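Peer 1:
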Amino acid sequence: MIQEKPSPAFATEEWLQWDERHVWHPFTQAGTAPPVTPIVAARGASLYGPEGQSYLDLISSWWVITHGHGHPRIALALAQQAMILEQVVFAGFTHPPAAQLAAKLVARLPEGLSRLFFSDNGSTAVEVALKMARQYWYNQGKRKERFLAFQGGYHGDTVGAMSVGGSSGFFEPFRSLLFPVDWVPFPATWQGDAQVDGKEREALHALDRYLSEHGSSCAACLMEPLVQGAAGMRMCRPQFVQQVAERLRAAGVLLIFDEVMTGFGRTGTLFACQRAATTPDIICLSKGLTGGFLPMSVTVCREEIYQAFVGDSFDRAFAHGHSFTANPLGCAAALVALALFEEENTLPRIAQLEAIHQARVTALADHPRVRYPRVVGSIAALDIVADDAGYASRIGLFLRKFFLERGFLLRPLGNALYLLPPYCISDSELHQAWDCVAEALHQLPPVTASEMNGQPV
Ligand SMILES: Cc1ncc(COP(=O)(O)O)c(C=O)c1O
């Protein structure tokens, strides 16, 4: 709980008017959206409004907060770093927080992922990975130019990231801008899914067919391992990830893991690739990297990939960089956020959150409006039967309002309801959230009988 109530220098109504007149909010249809919710402070698992209203943050503020809002250790490290070195160009220069963070991250990643490129956010981490993969082959004189991805995957909103996420359904106006990408099915599964073996077999057949036809011209395959986030927290089994990796390796296609969402503990291990026991060639990390304090990302690759860029001509170099590459403040925050996993015993705590999720999801699984209950690590999700399933489902809007009015920040992806809390959430807070989900299920607007037969996840 915040001890002192923050006292902004101006009235809430005044700054809310500035917002209404001048601010364009992300992923929002301003024509129909309810008024924005003002937040002036945050601590632990809670956000606070100007009148002291509190909201339990069950989506970790778009999946970025790991140890909790306003963690004092991270805040202090940031303040201290700001007094020492706030920013320096990273081409031709370096600084202690960046070098230390690179070494510490590499030590925690699966063996072999040893060379780290900094950028600004999840989308740029993906852009970097795609360009890295493409130029890796180009520098060796090989024409491997295609990209493969999984249906439904989402990888960010820049043009390359939209291209590989082009089957997510978010990017219609930009279709002609996107480069061609090939897709294979993602065998989404859930508790008690009797068809999972068949779905995986089909997906692997599709992958085999693709690789035998196009493997020699494919640069890389991009995957969100274990959980497709924005697609509605669609989950797959570790053995599927392993089988995909084996096939790609045999076909000489690089495997890129987009762990922008799954990284930093979400799936129960520090990185989802560890739970999936699979090492990719390139991994993209962001969101939880700084504990949610600052935007920053890294793309980490195998040394062999890096060596393909080393030579005596600039043409071979990776001509990519952002103004704030390896910002020292972000690195300082990330160093503490990483250390806290040990110091606060975070992974065992995530296992406890997973057990609570499992118990509560199982208790709701037989509810007539619930489909596809699923849990991995700190993420729990279920689909709600709706007559307009998908991201724009009215059920999602109904639920957002329902939860917010009761002090819970839950933001379903259409009719896919999920909980992805910061790891500092207490057992009782998490149970309160699940109690509210159970209450919401009883108050849902009705659907037609035919919808009750279920929709594909
Ligand atoms: C898997 C994945 N990749 C990439 C991104 C894009 O990250 P950012 O919003 O930081 O650009 C996201 C964002 O949600 C994501 O979930």
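Be aware that the sequence shown starts at 0, since it is given in numbering that gives the first Met the number 0, and climbs by one per residue.
In this text, a Cβ means the ideal position worked out from N, Cα and C, and glycines have one as well.
These numbers were taken from a predicted model, which means no experiment stands behind them.
Between the beta-carbon of residue 259 and the beta-carbon of residue 121, is there less than 8 Å?
Peer 2: yes
Peer 1: Considering only the beta carbon of each residue, do residue 328 and residue 352 sit closer than 8 Å?
Peer 2: no
Peer 1: How should residue 485 be labelled, buried or exposed, when 16 other C-beta atoms within 10 angstroms of its C-beta is the threshold for buried?
Peer 2: Lying before the first or after the last residue shown, residue 485 is absent from the chain, which here runs from 0 to 456.
Peer 1: For residue 513, I'd like the list of residues in its chain whose CB is within less than 6 Å of its CB, leaving aside the five on either flank, ordered along the chain.
Peer 2: Lying before the first or after the last residue shown, residue 513 is absent from the chain, which here runs from 0 to 456.
Peer 1: Helix or strand or just coil, what does DSSP make of residue 265?
Peer 2: Judged by DSSP in its simplified three-state form, residue 265 adopts coil rather than helix or strand.
Peer 1: By the 10 Å Cβ neighbour count, where 16 or more other Cβ atoms means buried, how is residue 289 classified, buried or exposed?
Peer 2: buried
Peer 1: Is residue 287 near ligand 1, with its Cβ less than 7 Å from a heavy atom?
Peer 2: no
Peer 1: Could you tell me whether any non-hydrogen atom of ligand 1 is closer than 7 Å to the CB of residue 24?
Peer 2: no
Peer 1: Is residue 284 buried or exposed, if buried means 16 or more other CB atoms sit within 10 Å of its CB?
Peer 2: buried
Peer 1: Could you tell me the distance, in whole angstroms, from the CA atom of residue 18 to the CA atom of residue 217?
Peer 2: 46 Å
Peer 1: Tell me whether residue 433 counts as near ligand 1, meaning its Cβ is closer than 7 Å to at least one heavy atom of that ligand.
Peer 2: No, the Cβ of residue 433 stays beyond 7 Å of every heavy atom of ligand 1.
Peer 1: What is the residue span of the alpha helix (DSSP H) that residue 131 lies within?
Peer 2: 121-137
Peer 1: Any chance the CB of residue 232 is under 7 Å from a heavy atom of ligand 1?
Peer 2: no
Peer 1: Could you tell me which whole alpha helix (DSSP H) segments of length 4 or greater appear in the segment 224-276?
Peer 2: Complete alpha helix (DSSP H) runs here, min 4: 237-250 and 271-274.
Peer 1: Check whether the segment 204-217 touches the segment 181-190, taking contact to mean three or more Cβ pairs, one atom from each stretch, closer than 8 Å.
Peer 2: yes
Peer 1: Start and end of the alpha helix (DSSP H) containing residue 83?
Peer 2: For residue 83, the enclosing alpha helix (DSSP H) starts and ends at 71-83.
Peer 1: If you measure from the CB of residue 326, is any heavy atom of ligand 1 nearer than 7 Å?
Peer 2: no
Peer 1: Which residues bound the beta strand (DSSP E) around residue 361?
Peer 2: Careful: residue 361 lies outside any beta strand (DSSP E), inside the alpha helix (DSSP H) at 345-363.
Peer 1: CB-CB under 7 Å to residue 209, same chain, minus the five flanking residues each way: which ones, in chain order?
Peer 2: 147, 181 and 183
Peer 1: Can you grab the Cα-Cα spacing for the pair residue 428 / residue 88, in whole Å?
Peer 2: 43 Å
Peer 1: What residue from 390, 12, 379 and 131 has the CA that sits closest to residue 316's CA?
Peer 2: 131
Peer 1: Under the DSSP definition of a beta bridge, which residues are partnered with residue 115?
Peer 2: 299
Peer 1: Enumerate in chain order the residues of its own chain whose CB-to-CB distance from residue 223 is below 6 Å, with the five nearest sequence positions on each side excluded.
Peer 2: 152 and 257, listed in sequence order.
Peer 1: What does the alpha-carbon distance come out to for the pair residue 443 and residue 278?
Peer 2: Looking at the backbone, the Cα of residue 443 and that of residue 278 are separated by about 43 Å.
Peer 1: In the segment 179-208, which residue ranges form an unbroken beta strand (DSSP E) of at least 3 residues, counting only runs that do not cross its ends?
Peer 2: 181-183
Peer 1: Near residue 455, what residues of its chain come up, given a Cβ to Cβ distance below 6 Å and the 5 sequence neighbours on each side ignored?
Peer 2: Confidence in residue 455 is poor, its pLDDT being 39 and thus under 50, which makes the residue's placement unreliable; the coordinate value appears in the next sentence. The answer is none, since no qualifying residue turns up.
Peer 1: Could you check if residue 139 is buried or exposed, using at least 16 other CB atoms within 10 Å of its CB as the buried criterion?
Peer 2: Residue 139 should be labelled exposed.
Peer 1: Identify every residue that forms a DSSP beta bridge with residue 161.
Peer 2: Checking the DSSP bridge columns, you'll see residue 161 has no partner listed.
Peer 1: Along the chain, where does the alpha helix (DSSP H) containing residue 378 start, and where does it finish?
Peer 2: Unbroken run through residue 378 is the beta strand (DSSP E), 378-383; no alpha helix (DSSP H).
Peer 1: Looking at ligand 1, does it come within less than 7 Å of residue 335, judged from the CB to the closest heavy atom?
Peer 2: no
Peer 1: Could you give the DSSP three-state label for residue 172: helix, strand or coil?
Peer 2: helix
Peer 1: What do you reckon, is the C-beta of residue 121 under 7 Å from a heavy atom of ligand 1?
Peer 2: yes
Peer 1: Alpha helix (DSSP H) containing residue 328: first to last residue?
Peer 2: Residue range 327-342 is occupied by the alpha helix (DSSP H) that includes residue 328.
Peer 1: At what residues does the alpha helix (DSSP H) containing residue 435 begin and finish?
Peer 2: 426-441
Peer 1: Taking the straight line between their C-alpha atoms, what separation do you get for residue 45 and residue 394?
Peer 2: 24 Å
Peer 1: Under 7 Å Cβ to Cβ from residue 235, same chain only, skipping five residues before and after it: list those, please.
Peer 2: 185, 186, 187, 188 and 225
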